[in-house]
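2 protein chains.
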Amino acid sequence: MPHTYQFARPALTVDIVVFAMDFAGRDETDLQVMLIQRDLAPYRGGWALPGGFVRTQETLDDAARRELQEETGLRDIYLEQLYTFGALGRDPRERVVTVAYYALVNLTGHDVRASTDARNAAWFSVSDLPPLAFDHAQVLDTAHQRLRSKVRYQPIGFELLPERFTLRQLQRLYEVILDRELDKRNFRKKVLAMEIVKETGEIEKDVAHRAARLYRFDKRRYDRLMKKGFNFEI
Amino acid sequence: MPHTYQFARPALTVDIVVFAMDFAGRDETDLQVMLIQRDLAPYRGGWALPGGFVRTQETLDDAARRELQEETGLRDIYLEQLYTFGALGRDPRERVVTVAYYALVNLTGHDVRASTDARNAAWFSVSDLPPLAFDHAQVLDTAHQRLRSKVRYQPIGFELLPERFTLRQLQRLYEVILDRELDKRNFRKKVLAMEIVKETGEIEKDVAHRAARLYRFDKRRYDRLMKKGFNFEI
DNA sequence: CCAAAAGTGTTCAAGATACACCCATGT
DNA sequence: ACATGGGTGTATCTTGAACACTTTTGG
């Protein structure tokens, strides 16, 4: 067999850290992660990141999207490669290298339970996680850090919001991710000055107080700004 | 064979983009990359990034350091994982996924030619590269972008300088990486205000003009600043 | 004494921060 | 009428940008 690799090969997997923002408890907005309860050894019954083996005829991105769809029912979501983990003992069975991804979802509009195979999938707050299988705690932590730093110079936070959102929701999202309070007036001033959100003319419904205006992310404008060497900073 | 992966596996390699700064031509400071001339098919005789297959009993970082040492003689240098490339046709022989790294070296103090196996290694200016094997042009470009953005918020640039350097060298380094001119007075003011470089008391030797003061990077101070949530920005 | 690069301050504009009250709506 | 969160402006401080001349050294 000419031109082929003669050594034993590590196995190759992908794992995905799926983040979502929970706005349910009005004031207790928090960041959530999707986990899968394993039904096979090792770590049977334990919680792990969605993921699985990479096939020889699919790209890494394709593998990540396929596993995500198969295990959680989520599709067409923001997905980005995070880091590749290759420590020796990370899988007790054999040598497995994993290419980790992270994904951002807005919960409204994606039905996780619609999946065929999602019976074991569940959301957890990042601040209250169960013990995780393999080195997944480390993977998750790396993803969390990445999200925190990336959100400061790219508007990926919008991926976590519904299409129409209030400025207050946007602010809470940044507060949760950056883990500090932001001044309401300064925050609104800055976001509006950037002109990357657009008023829809609509307002919130069914709230027991003055209804907030709904905005949406103006990607066209953002892309134009980015090309001119623009820096998104909150 | 219980607990083992039943599908065919992609092969796994590491490739390393080694950057160095060339201060030789006084005014024509430029960024260089190390390439290896291949002596096996495919792309025999072509230029490629140093790299090779990952063994089952070494971590990815270890594989990168081993290949670097074997192919270029470089060791104990700054090395960081970049991105994992897994496009389907990237290696004409078979499916190969590569974990790319980038490395930073200061040329004084590392003798590339000392290596046993470095007869085919050479430095190229990033602005004047030969055609590259596989998808290495893309890998190199990704590394270059990463260097440009990372240098803005972490002082990794110092890895490209000799232990003692002049502020002018530091400025030229940033100018080359960021690809724009910086104001001398403002640059010095900012760098000195950060207090992350320390005067050594020594000065340049053998220059045909006023000799510049030599500084060194103060890592202790930098680490302390980082812990307090400090942001390095040029 | 000339060429070459080192070294040094001030002014101005823009952006960041701090801060408190009135408004609209549902119950 | 009250409770709840929405919405708004100003003053001050900090930071970044622009800018030109004198000093030192070797040849």
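Residue numbers (full-length UniProt numbering), protein chains in the order written: chain Y, 1 to 234; chain G, 1 to 234. Just so it is clear, CB atoms sit at the ideal spot from N, CA and C, and this is done for glycine as well.
Proximity test, Cβ basis, 9 Å: residue i and chain Y
i	result
V99 of chain G	yes
A87 of chain G	yes
D61 of chain G	yes
E175 of chain G	no
Q81 of chain G	yes
Y78 of chain G	no
Neighbouring residues, chain Y, relative to residue i (Cβ below 7 Å)
i	result
R55 of chain G	F7
Chain G contact for residue i (CB, 9 Å cutoff)
i	result
Y222 of chain Y	no
Sub-9 Å separation of residue i and residue j beta-carbons
i	j	result
V97 of chain G	A64 of chain G	no
L160 of chain G	V105 of chain G	yes
K192 of chain G	S125 of chain G	A small correction: the amino acid at residue 192 of chain G is Leu; Lys does not occupy that position in the sequence shown. It is not a contact, given that the beta carbons lie outside the stated cut-off.
L214 of chain G	F165 of chain G	yes
V17 of chain G	V54 of chain G	no
E233 of chain G	Y153 of chain G	yes
L60 of chain G	L68 of chain G	no
F19 of chain G	A103 of chain G	yes
L88 of chain Y	E58 of chain G	yes
L225 of chain G	I196 of chain G	yes
V82 of chain G	V33 of chain G	First, the residue type needs correcting, since residue 82 of chain G is Leu and not Val in the sequence shown. No, the Cβ-Cβ distance between L82 of chain G and V33 of chain G is not below 9 Å.
A137 of chain Y	Q37 of chain Y	no
L107 of chain G	L49 of chain G	no
P92 of chain G	P42 of chain G	yes
T29 of chain G	Q145 of chain G	no
residue 238 of chain G	V176 of chain G	Any property of residue 238 of chain G remains undetermined from this structure, which presents chain G solely from 1 to 234.
G46 of chain Y	P130 of chain Y	yes
K198 of chain G	R180 of chain G	no
T84 of chain G	T200 of chain Y	no
Residue i, DSSP secondary structure in three states
i	result
A64 of chain Y	helix
F230 of chain G	coil
V96 of chain Y	strand
Q57 of chain G	coil
F187 of chain Y	helix
Y222 of chain G	helix
V14 of chain G	strand
K198 of chain G	strand
F7 of chain G	coil
S125 of chain G	strand
E204 of chain G	coil
D141 of chain Y	helix
G157 of chain G	helix
T72 of chain Y	helix
L182 of chain G	coil
Contacts of residue i in chain G (Cβ-Cβ under 7 Å)
i	result
R95 of chain Y	T56
Contacts that residue i makes with chain G (C-beta to C-beta distance below 9 Å)
i	result
T166 of chain Y	Simply none; closest approach about 29 Å.
8 Å Cβ cut-off: residues of chain G touching residue i
i	result
T84 of chain Y	L60, Q81, T84 and V99
For residue j and residue i, believed in contact at Cβ under 8 Å, the rounded distance
i	j	result
R188 of chain Y	L167 of chain Y	5 Å
T56 of chain G	R90 of chain Y	About 13 Å; that fails the 8 Å criterion.
P155 of chain G	F217 of chain G	7 Å
residue 243 of chain Y	N120 of chain Y	Because chain Y is modelled from 1 through 234, residue 243 of chain Y falls outside the range shown and cannot be assessed.
A212 of chain Y	E204 of chain Y	5 Å
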